[in-house]
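Chemist: This structure is in structure tokens; I'll ask about it shortly.
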Amino acid sequence: NAQTSKLPPCHAMFVFNVQIDEAGKPRLCLHLTQRSCDVALGLPYNIAGYALILHLMARFADLPVGTFAHTLIDAHVYTSKADGSGAEYDHVPGLREQLTRESYALPTLRLSESLRELNDLLPLLEADTETLMKSFVLEGYRAHPAINFKVAV
Numbered sequence: 001n002a003q004t005s006k007l008p009p010c011h012a013m014f015v016f017n018v019q020i021d022e023a024g025k026p027r028l029c030l031h032l033t034q035r036s037c038d039v040a041l042g043l044p045y046n047i048a049g050y051a052l053i054l055h056l057m058a059r060f061a062d063l064p065v066g067t068f069a070h071t072l073i074d075a076h077v078y079t080s081k082a083d084g085s086g087a088e089y090d091h092v093p094g095l096r097e098q099l100t101r102e103s104y105a106l107p108t109l110r111l112s113e114s115l116r117e118l119n120d121l122l123p124l125l126e127a128d129t130e131t132l133m134k135s136f137v138l139e140g141y142r143a144h145p146a147i148n149f150k151v152a153v
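Under this note's numbering, the letters of the sequence shown match residues 1 to 153, in that order.
Rendered as structure tokens:
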């Protein structure tokens with residue numbers, strides 16, 4: 001909730017633009033700038049969330065999806081303090097584990113055909129989980145076992 005939050009929003013700005021690809025075709029692109037980013041917890045969520053927004057807006061504009069670009073101004077990884085305190089918030093071991101893992105092929109996002117314009121999203125604000133899961137489908141998604149990170153702030 002922006003009114004009661006103790007932190008300013010991390011997402012400073014996002015911009016859509018249409019760029020011409022190598023084949024001469026227009027594509028909708030999105031650039032997100034963040035003033036601050038928790039690499040372990042925020043970054044994956046932000047990438048997925050804004051990629052979804054790009055796919056939705058491209059559908060609504062009847063344009064192919066272009067590139068998603070992301071600028072991080074203050075990217076940070078939480079660590080324990082020199083005296084060992086705060087070890088439960090230390091993200092370094094989990095991120096090191098993540099770096100050892102094999103990358104999987106990216107999944108394909110399939111949007112429900114019922115989502116053709118911005119107003120089609122309104123009923124989803126009150127929808128149950130099953131309806132949401134039918135509206136946004138990731139095909140070919142594979143995941144490694146979860147790495148648990150505690151929120152530090």
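We put the beta carbon where it would ideally sit given N, CA and C, even for glycine.
Quick check on H55: does DSSP put it in helix, strand or coil?
Modeler: Sequence index remark: in the sequence shown, residue 55 carries index 55 (1-based). In the structure shown, H55 sits in a helix (DSSP, three-state: H, G or I).
Chemist: Sorted by chain position, which residues of the same chain lie with C-beta nearer than 8 Å to L120's C-beta, five sequence neighbours on each side aside?
Modeler: Numbered from 1 along the sequence shown, position 120 holds the residue referred to as residue 120. Note on identity: in this sequence residue 120 is Asp, with Leu being the wrong assignment. For D120, where only same-chain residues beyond five positions count, the Cβ hits under 8 Å are S114.
Chemist: Mind pulling the beta strand (DSSP E) runs of 3 or more residues that sit fully within the region 21-50?
Modeler: Complete beta strand (DSSP E) runs here, min 3: 26-34.
Chemist: Provide the residue(s) that pair with N17 in DSSP beta bridges, ordered along the chain.
Modeler: Start at 1 with the first residue of the sequence shown, and residue 17 comes out as number 17. According to DSSP, which records beta bridges pairwise, N17 is partnered with C29.
Chemist: Touching or not, the region 137-147 and the region 103-110, by the rule of three or more beta carbon pairs under 8 Å?
Modeler: With a cut-off of 8 Å, the region 103-110 and the region 137-147 count as touching, because enough Cβ pairs lie within range.
Chemist: If you compare alpha carbons, which of G86, R35, D83 and H31 is closest to P8?
Modeler: By one-based count along the sequence shown, residue 8 stands at place 8. Closest by alpha carbon: R35.
Chemist: May I ask you to verify whether the region 124-134 touches the region 81-89, counting CB pairs closer than 8 Å and requiring at least 3?
Modeler: The region 124-134 is not in contact with the region 81-89.
Chemist: Check whether chain D comes within 9 Å of A40, counting only Cβ atoms and requiring the distance to be less than that.
Modeler: You won't find chain D in this structure, because it holds only one protein chain.
Chemist: Per DSSP, what kind of secondary structure is L125 in: helix, strand or coil?
Modeler: The residue labelled residue 125 in the question sits at position 125 within the sequence shown. It is helical.
Chemist: On the CB-based measure, 16 or more other CB atoms within 10 Å of its CB, does L28 come out buried or exposed?
Modeler: Translated into the one-based positions of the sequence shown, residue 28 becomes position 28. Buried.
Chemist: Output the distance between the C-alpha atoms of C10 and V18, rounded to the nearest integer angstrom.
Modeler: Here residue 10 corresponds to residue number 10 of the sequence shown, with the count starting at 1. Here residue 18 corresponds to residue number 18 of the sequence shown, with the count starting at 1. Using only the alpha carbons, I get a separation of about 25 Å.
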